[in-house]
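Novice:
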Amino acid sequence: MMREIAYRQISDAGGKLLELGINTTHSGNVSIRGENDIFITRTGSRLDRLSESDIVSVPLNEEGQGIASVEIPMHRAIYQNTKTKAILHAHPPHTIVFSLLEDAIYPVDNEAFLFLGEIPVLTPKVVSGSTETGILLADTFNKGSHIAVVRGHGSFAVGENLEEALHWTSTLERSCQMGHLLRTISEFRYKEIVRARKDEIRRKERSTFNVGRGPRSTFKNKPGDKSKL
Ligand SMILES: [Zn+2]
10 MMREIAYRQI
20 SDAGGKLLEL
30 GINTTHSGNV
40 SIRGENDIFI
50 TRTGSRLDRL
60 SESDIVSVPL
70 NEEGQGIASV
80 EIPMHRAIYQ
90 NTKTKAILHA
100 HPPHTIVFSL
110 LEDAIYPVDN
120 EAFLFLGEIP
130 VLTPKVVSGS
140 TETGILLADT
150 FNKGSHIAVV
160 RGHGSFAVGE
170 NLEEALHWTS
180 TLERSCQMGH
190 LLRTISEFRY
200 KEIVRARKDE
210 IRRKERSTFN
220 VGRGPRSTFK
230 NKPGDKSKL
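Using this note's numbering, read the sequence shown as starting at 10 and increasing by one per residue.
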């Protein structure tokens, strides 16, 4: 049963990543948490044509990879150190380019800023598949982020399910497209908006600090909460 649910969720998300132009045919990987296992795409699988045999399960708390994606150590470290139920790793082109230019990404549009706030850009020593990267990412998610970017590599989004992780991934990529558009039309206005976003985040951090540290409220909005849009 779990395998069936995993297959349906993973193949749906995989197909959408290609449809939206976020991934190439064989890049990225997607997983969901089982009871004591991780269900993940096998290495070299084609995301828009996944069959049930392309979804493999690996133990959550034991080393070992088998034919699972080479990035399984990262997924495992994130599951071990957070409560997340699903992880979606993608290679969104605009997001990756922004990660090469910035230390954090600040969405220029209101919707992405409301949902995602400041998006951390991480620069681990080994950018692909390492446990160290997984631990860094887990730490970022535990601070309240839904999505983070490994510089020059790609995005990692977490959620209650893959639908949610896909929402964060496509929202960020679309926002970076808008950022690119705005930058080409007016670099001045782009910088002005980024500065305002940074100020808002710092103000919120200061007020959160005063009432006791906790997840930043900016990141607590869930999909469908349009009250502030
Ligand atoms: Zn990758």
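Beta carbons: idealized from backbone N, C-alpha and C, even for Gly. A quick note: this is a predicted structure, and the numbers were derived from the prediction, not measured.
(1) With C-beta atoms as the reference, is V167 less than 7 Å away from T93?
(2) In the DSSP assignment, the beta strand (DSSP E) including R42 goes from what residue to what residue?
(3) Are there any heavy atoms of ligand 1 lying less than 6 Å away from the beta-carbon of G163, as far as the coordinates show?
(4) What is the DSSP secondary structure of E80, counted as helix, strand or coil?
(5) Check the DSSP bridge columns for R58 and list the partner residues they point to.
(6) Indicate the three-state DSSP secondary structure (helix, strand or coil) for D46 in the structure shown.
(7) Do M187 and T142 have their C-beta atoms closer together than 7 Å?
(8) Shortest alpha-carbon distance to P321 belongs to which of R17, I202, E172 and I19?
(9) Per DSSP, which residues does P116 bridge with? Please list them.
(10) So is E9 buried or exposed if we call it buried at 16+ other beta carbons inside 10 Å?
(11) Can you give the Cα-Cα distance for V158 and S108, rounded to whole angstroms?
(12) Taking the Cβ atom as the reference point for each residue, do P129 and I31 lie within a distance shorter than 7 Å?
Specialist: With the given structure in hand:
(1) yes
(2) N38 to R42
(3) yes
(4) The answer is coil: DSSP assigns E80 none of H, G, I, E or B.
(5) According to DSSP, R58 bridges with nothing at all.
(6) In the structure shown, D46 sits in a strand (DSSP, three-state: E or B).
(7) no
(8) Nothing about residue 321 can be read from this structure; the chain reaches only from 10 to 238.
(9) Paired residue(s): none; P116 is not in a bridge.
(10) Given a span of 10 to 238 for the chain in the structure shown, any question on residue 9 remains unanswerable.
(11) 7 Å
(12) Cβ atoms of P129 and I31: not closer than 7 Å.
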